[in-house]
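To start, the structure itself, in structure tokens.
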Amino acid sequence: MSKFKPTDDQKKAIETRGKNIIVSAAAGSGKTRVLVDRLVSIMLEEKIPIKNMIIVTFTNKASVEMKDRIRQKLNDLLKEENSDKIFIKNQIKSINDAFIKTLHSFCADMLRENFYLSDNLSPSFKIAADSKQALLRKDAIDELFEDEYEKNDPNFINFLHNFASSKDDKDAKNIILDLYDFSKSQINPHQWLCDNTNNNFDFEKFKFYIKERIETIILNARDLENYIKEKSMRDKYFIMIEKDLSYLEKIKNAIEEKSWDEVIEIFENGLANMVTISKKLDDPNENSYVKAKKNAYKEEFNIVKDFVKNTDSITRGFFNPLEDKILNELKNLVFSFEKIYTNKKREENYLDFSDMEHEFIKLLDNEKLQSKLKKQFKYIFFDEYQDSNDIQNYIVEKLKNENNLFFVGDVKQSIYGFRNARPELFLKKLEDYDTDSNCLRIDLSKNFRTDKDLIDFNNYIFDRLMTRKNSDIAYKDDNHRLNYHFEFDEKYPKVSIKALAKNVSEEAYLTKEINNLINSGVEYKDIAILLRSSSKAYLFENELKKAGIPFSSDISKISFETVEVEFFINILKYIANPNDDISLLSVLRSEIFNFSEDDLAEISLSSEKSHFYKKFKEYEKENENNLSQKISDFNTIFTDFSYILNFSTMYDFANIIFEKSGLYDFLKARDRGEERVKNIEAFIELMDDYDKNNENSLFGFLAYIDNLKNQKKDNLKASRNLSDDENLVRIMTIHKSKGLEFKAVILPDFSKRFNTRDNSKDMVLDKDLGIGINIADWENKIKISSIKRDLILEKSNLNDKKEEMRVLYVALTRAERKISIIGKKDLNEKGLEKILNANSVLDLSSYMDWIFKILCDDKIMSDFVDIDYKTDAFNKGFLEIKYIEDFIEDYKKDYTDVEKLIGADEYNQKIYKDIEEVFNFSYKNKENINKSLKKSVTEIAKNYDLSKDGYEKSPFEENEDFYEFRKPNFEEIKLSATDKGTLIHKIFQELEVKSYDLNSLEKEINKLVDLGKIKKEYIPYINFENILGFFNSRIIQDLMKKSPKIRKEESFLRKIDDFYVNGQIDIMFESQNEVVLMDFKTDSLKREGFYDKQLEIYKDSIEEALGKKVISSYIYWYNFKEFEQVNKNHR
2 MSKFKPTDDQ KKAIETRGKN IIVSAAAGSG KTRVLVDRLV SIMLEEKIPI
52 KNMIIVTFTN KASVEMKDRI RQKLNDLLKE ENSDKIFIKN QIKSINDAFI
102 KTLHSFCADM LRENFYLSDN LSPSFKIAAD SKQALLRKDA IDELFEDEYE
152 KNDPNFINFL HNFASSKDDK DAKNIILDLY DFSKSQINPH QWLCDNTNNN
202 FDFEKFKFYI KERIETIILN ARDLENYIKE KSMRDKYFIM IEKDLSYLEK
252 IKNAIEEKSW DEVIEIFENG LANMVTISKK LDDPNENSYV KAKKNAYKEE
302 FNIVKDFVKN TDSITRGFFN PLEDKILNEL KNLVFSFEKI YTNKKREENY
352 LDFSDMEHEF IKLLDNEKLQ SKLKKQFKYI FFDEYQDSND IQNYIVEKLK
402 NENNLFFVGD VKQSIYGFRN ARPELFLKKL EDYDTDSNCL RIDLSKNFRT
452 DKDLIDFNNY IFDRLMTRKN SDIAYKDDNH RLNYHFEFDE KYPKVSIKAL
502 AKNVSEEAYL TKEINNLINS GVEYKDIAIL LRSSSKAYLF ENELKKAGIP
552 FSSDISKISF ETVEVEFFIN ILKYIANPND DISLLSVLRS EIFNFSEDDL
602 AEISLSSEKS HFYKKFKEYE KENENNLSQK ISDFNTIFTD FSYILNFSTM
652 YDFANIIFEK SGLYDFLKAR DRGEERVKNI EAFIELMDDY DKNNENSLFG
702 FLAYIDNLKN QKKDNLKASR NLSDDENLVR IMTIHKSKGL EFKAVILPDF
752 SKRFNTRDNS KDMVLDKDLG IGINIADWEN KIKISSIKRD LILEKSNLND
802 KKEEMRVLYV ALTRAERKIS IIGKKDLNEK GLEKILNANS VLDLSSYMDW
852 IFKILCDDKI MSDFVDIDYK TDAFNKGFLE IKYIEDFIED YKKDYTDVEK
902 LIGADEYNQK IYKDIEEVFN FSYKNKENIN KSLKKSVTEI AKNYDLSKDG
952 YEKSPFEENE DFYEFRKPNF EEIKLSATDK GTLIHKIFQE LEVKSYDLNS
1002 LEKEINKLVD LGKIKKEYIP YINFENILGF FNSRIIQDLM KKSPKIRKEE
1052 SFLRKIDDFY VNGQIDIMFE SQNEVVLMDF KTDSLKREGF YDKQLEIYKD
1102 SIEEALGKKV ISSYIYWYNF KEFEQVNKNH R
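In our numbering, each residue carries its 1-based index in the sequence shown increased by 1.
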């Protein structure tokens, strides 16, 4: 590998000291390399340990990648002859524990270290997963509304009238949740809420806004006046434009001088009518241009006119008090919700992400702590700073020392507005650091991955799109332009724009574009299809399947409503509640269990009981025929499932059902079998995620699923990490592609209109303008939009378009060699008329419109429109624009009748040979089919059947697919040695590690029964004294004095020899630099030394994963109440 040679600007960013620095790093300019090199050079020069630095990343994945890069850099330096090897090795060891993480994770660490400074914190708090938050929030909002319904306060009823639908109160609940979430994105949520629910809106701001809009319309009218003069058009055109200008000036002056009610009266008059064309006197093109320009500013005027509606003094006098009441009640409800929600989190010792930030902000008010942290952290590095928010920026400002900040990012790639990212923070720092002598702004503009022609195209587009007026970013004038490093010898065209007529299928045409790229020498794995949203992904995927193009989609969504997932959910529902008729019937009627309609009718008619499940049970007892046997077999299967549930994790339980119910085999035999299996596997992953973060078992999970369905969040992601060698087209969203690069990028659906969903919301929010709502007069059945809502919507729509510009930048800068843009657009003069006559790109609403608006300045568009061109930038031929009016699909299905082939006197020998090869095919590695690539630790350690000795055997080690059908015995439950072992492991897994007496232990075991973790009938199998023997032992008590981090049931997968080995470690006690490992054994014989190999594998796996030394390994022999230390030479 060639040695990294930094550019002058990169070198400045790496080597400059004694200043706060912000690096504005364009796409592909090596910003991460610069950050890592600067960090490591400071570390070595000043001998500052990495633990004394904060490196903030945007995602957990990014933090892992950052650690890897720093580790690699340090490992490279170790090889240098004069390097400080001891110091470097110590830093390498410290990387895993360094503060290289998201700001959320950093806050969590700080809270655990300094919990004693807060009245509300426990050092053992848990971070609530999304699933847990969803359940707690639902419980809290439901409890709030139940309380309010009981009080029946008139203000709450008025709130419901304003926000609830006629069917339910779901919309009203969402209003509270949305406002709560938004307030938590502010540095001081309570203060922000109080400030913005007092209706102290300054009406002068609204008047100033209207005046600005009118002034913009006047400027556009002046431009038209100049055109009319230049073309020496007839008098009627002059009269028309003068009337409009006079009228608009009158409104502008009235805003400054008259009462608002008088201004509204003037608005009622309207603009002059368009001049009727004269065939004899007028040039039709000139008339068409004037008409289009006049319509453009007339449309803008009508928008402003709509703003002015309902703003007269009488209307405001009536609705303002209503708005005050609603906002005040909204504030009270949000505060009440917060109190309930916070209590629910505290009861279970949870914090969510916003809690961690705000709790840490409170701790930073402690001057001693703030001083201590400033001394501890010598430098702060902030990656992807363009995506930071106010809270993160505030925390960094609180922790900074003099000249120890290093920010890096690209404001042009700030595309996370929906996560409250504030690109204006980056822009403000760019401006401030440019003029402050203690600070330095550095621009990295050289792109090290993209072809020169692609960079020229991107610069041409963004020079004109990303102006300060349009986007707050001066792309051309403020050092944001890309500079090329490579010029590849690629076939022209390198940039392709295909405008499709309305009748052409975009999805089908996409396959042609892929084939064109393949024919140009690109491989499938080099191609990425980037979509603005995931809603149409399935259409493109279906077309690629039809065309036989291999692909992997990172945005395929699996709804709970797919047939196979819905059926799987019904199985779970029936296991959870065997008295649920609907779930039972849906399972019985499936092709898996195959009860016919006649069977169900016979069962139903056999009894007069009211519920089908009762008839189902009774039929089995009262009859002895084929149908009763079928019922008995069915009940045996589901009794086994219910039994397994009590001892298994949700993940294992779901996999057992998937396999043993026959659903897996059934789906594999269906059309799109692999896809259907992946759908279930994705659902099982969701079950696993829920189980790891919640204690409500299957019942709670099913409630969680119903809640997701109600919130329309019932989508799963079926995705996996691809290796670079897999020859598949990649499909992903533009957001997902950020930070990646591909040889060829296809950008379909570019004519899709930008999203304006906020326009229909009853409440919109803005940090500065506050809360804008629709206000309802319930008695008179009138609802109007508040002035603040109108202003916020306008600001929001403008900011959305600014963000769309940045999304477009990300999309166009992912490609290294080829860009293909596809969208629906008529490229005739009529189709381009709106684009040509738009006064600003901000008046347009799609990427395709923006690109063509800009390209219409260049001669490249001469085939489509006859205008005066300003540039000839693409005369080399690397840009191709085509209008596709007709398209015939490239692929056809062969519907040859096989029977005709067989019965024919003559036959095609090639076809016959192909068929013969298929039917005579024999897999050459057939002898390996039943050999497992994956083994358990137990199999590696000792090749014997542990279940005979009371050790639980993995259910997936069993290959038999048959059942021994028997009638279940509901009278008595007997546990095998394996089941007893599983039960004891489950208890050790669930119990907190602390001292117990017999009474407290019995209480905890009963809690496990109440939570559904174990069955009450299993309690006689528990030896309480033997459990106490573990928790109250000197070994455990001594370990707990060190306040270790306790890890339970940690799984691992690693390669040993030719097998992938999986295992699960019962319990670890982890301190800063070392680990103590323990394993529970319930064997009936104590065989010392027998499990040494197994624990040796556990030890090696821990040390490899955590980078910490395992100093001791113990077995706790449950049946003998004794510890055995194994592999005593660990140290």
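Quick reminder that beta carbons are idealized off the backbone N, C-alpha and C, glycines included.
Rounded to the nearest angstrom, what separates K208 and K753 at their Cα positions? 34 angstroms
Report all residues from its chain with a CB closer than 6 angstroms to the CB of R469; omit the five preceding and five following residues, and keep chain order. Contacts found: A475.
Return the Cβ separation of L122 and A129 in integer angstroms, given the expectation that the two are a contact with Cβ distance under 8 angstroms. That pair is no contact at about 15 angstroms.
According to DSSP, simplified to helix, strand and coil, what is V866? Per DSSP, reduced to three states, the secondary structure at V866 is coil, with no helix or strand assignment.
For a test of the three-state rule: what should DSSP assign to Y150, helix, strand or coil? helix
Comparing alpha-carbon positions, which option in S355, L406 and E258 lies nearest D391? S355
Alpha carbon to alpha carbon, how far is V588 from V523? Give it in angstroms, no decimals. 49 angstroms
Buried or exposed, going by whether 16 or more other CB atoms sit within 10 Å of the CB of L799? The residue is exposed, with fewer than 16 neighbouring Cβ atoms inside 10 Å.
In whole angstroms, give me the CA-to-CA distance for L1096 and D69. 29 angstroms
How would you write the range of the alpha helix (DSSP H) that G418 sits in, first residue to last? No alpha helix (DSSP H) holds G418; DSSP gives it neither H nor E.
Tell me which same chain residues have a C-beta within less than 6 angstroms of the C-beta of D85, skipping the five on either side of it? Correct list: empty, nothing qualifies.
Per DSSP, cross-strand counterpart(s) of M764: I774
Quick one: what's G824 bridged to in DSSP? BP columns for G824 point to A500.
Which of the three DSSP states is assigned to S372 in this structure? helix
Own chain partners of E16 with C-beta closer than 6 angstroms, once the 5 adjacent residues on each side are dropped: none
Could you pull out every residue in the same chain whose Cβ sits closer than 6 angstroms to the Cβ of V264, ignoring the five residues on either side in sequence? A255 and I256
Neighbourhood of V57 by C-beta distance below 6 angstroms, restricted to the same chain and skipping five residues each side: L104 and F383
How would you call L75, buried or exposed, if buried means at least 16 neighbouring beta carbons within 10 angstroms? buried
For P322, count the other beta carbons within 10 Å of its own beta carbon; 16 or more makes it buried, fewer makes it exposed. Which is it? Exposed.
Which residues bound the alpha helix (DSSP H) around M67? N61 to L79
Three-way DSSP call (helix, strand, coil) for A130 in this model: coil
Would you mind sorting D490 into buried or exposed? The rule is 16 or more other CB atoms within 10 Å of its CB. exposed
For D110 and E360, I'd like the C-alpha separation in whole angstroms. 12 angstroms
Thinking C-alpha only, which one of K789, W779, A704 and M54 is nearest V765? K789
Should the stretch 980-996 be called in touch with the stretch 1032-1048, which here means at least 3 C-beta pairs below 8 angstroms? yes
Between which two residues does the beta strand (DSSP E) containing K1082 stretch? E1075 to K1082
Output needed for N163: all residues of its chain with C-beta closer than 6 angstroms, excluding positions within five of it in sequence on either side, in chain order. I327 and A777
8 angstroms Cβ cutoff met for L664 and F743: no
Own chain partners of R113 with C-beta closer than 6 angstroms, once the 5 adjacent residues on each side are dropped: Annotation for R113: P124 place their beta carbon closer than 6 angstroms to its own, counting only its chain and skipping 5 residues before and after.
K803 to D120, Cα distance in whole Å? 43 angstroms
Between K1014 and the rest of its own chain, which residues show a CB-CB distance below 6 angstroms, the 5 nearest in sequence each way excluded? Shown here for K1014: same chain residues with a beta carbon closer than 6 angstroms to its own, the five before and five after excluded, namely E991 in chain order.
Locate the alpha helix (DSSP H) running through K1043, then write down its first and last residues. No alpha helix (DSSP H) contains K1043, which DSSP labels as neither H nor E.
Let me make sure I understand the geometry here. Which of K877, F888, D844 and V1010 has the alpha-carbon closest to that of I304? D844
Backbone CA spacing between V35 and E82 [nearest angstrom]: The alpha-carbon of V35 is positioned some 23 angstroms away from that of E82.
Under three-state DSSP, which class holds K1153? The structure shown does not extend to residue 1153, since the chain is modelled only from 2 through 1132, so no value can be given for it.
Rounding to the nearest angstrom, what Cα-Cα distance links K949 and S977 in this structure? Caution is warranted here: a pLDDT of 40 is assigned to K949, below 50, making its placement in the model unreliable, and the coordinate value is therefore given only provisionally. Distance between the alpha carbons of K949 and S977 is about 9 angstroms.
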